[in-house]
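Okay, so here's the structure we're looking at.
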Amino acid sequence: MKTHFTWKTAVPFVVILFLFTILFFQTPLLLKPLNTDVIEHPILFRWISLSEENELIIDNAPGFTSPIFDKVIVGKHYYVNVPFTQEKYYWKIISKDKGKDSESVIGSFYYQSKIAIRDEFEQGVYTLNNTGNTPVRATGSLITGAVVLDIGEHLEKKTNISANYQVEQA
96 MKTHFTWKTA VPFVVILFLF TILFFQTPLL LKPLNTDVIE HPILFRWISL SEENELIIDN
156 APGFTSPIFD KVIVGKHYYV NVPFTQEKYY WKIISKDKGK DSESVIGSFY YQSKIAIRDE
216 FEQGVYTLNN TGNTPVRATG SLITGAVVLD IGEHLEKKTN ISANYQVEQA
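Heads up, the sequence shown is in the working numbering, so the first residue is 96 and it goes up one at a time.
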């Protein structure tokens, strides 16, 4: 008799393995973000842990030599609202339970910068609105048609805006 591996047969095995790992080793399990690209900001971090107190650590180096975020969280999820640059980040959870720390495996994600600007012209007032996840500052005037966007710390992009352009409702 030939056995076929399907998701239907694999799910109970994965659930049992997951529960065994959590209960036996008391190791936190990272859920989100996990080895994926991320564009939302702030970023939602989720994990499973037997402890209510968990230290969330984020760094752009896998050795966590200079974390950009390190905080003890009460709960099992947290929105992190720190400035991220477009690069790979690493994160882990350290569960704090009765003086015994338990560390998760290291997860990673790649932060994707999203630059999006919506322009509006209403009652004679021209406005640029940042709808992306990257801080931008627009300076200039519609009269000259020159707009300078300061993107991040090191990149400057100049755009000439024609007096004859369309504004669409967002």
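Cβ coordinates follow ideal geometry from the N, Cα and C atoms, glycine included.
Please read these numbers as outputs of a predicted model, since none were measured by experiment.
So what does I188 bridge to, in DSSP terms?
-> L151
With distances taken from CA atoms, which of F140, K209, I111, P162 is nearest Y173?
-> F140
Please look up how many angstroms separate the CB atoms of S197 and P128, rounded, as I've assumed it's under 8 Å.
-> Between P128 and S197 the Cβ distance is about 21 Å, and since that is not below 8 Å, they are no contact.
Report the rounded CA-to-CA distance for N176 versus I168, giving the unit in angstroms.
-> 14 Å
I168, DSSP secondary structure in three states | strand
Can you tell me whether DSSP reads F134 as helix, strand or coil?
-> The amino acid at residue 134 is misidentified as Phe; the sequence shows Ile. Coil.
Indicate the three-state DSSP secondary structure (helix, strand or coil) for I111 in the structure shown.
-> helix
Between I111 and the rest of its own chain, which residues show a CB-CB distance below 6 Å, the 5 nearest in sequence each way excluded?
-> none
Residues near V166 by beta carbon distance below 8 Å, same chain, minus five either side | Before going on, a small fix: residue 166 reads as Lys here, not Val. Excluding positions up to five away in sequence, the list reads E150, L151, Y173.
Taking DSSP as the reference, what is the three-state secondary structure of S197?
-> strand
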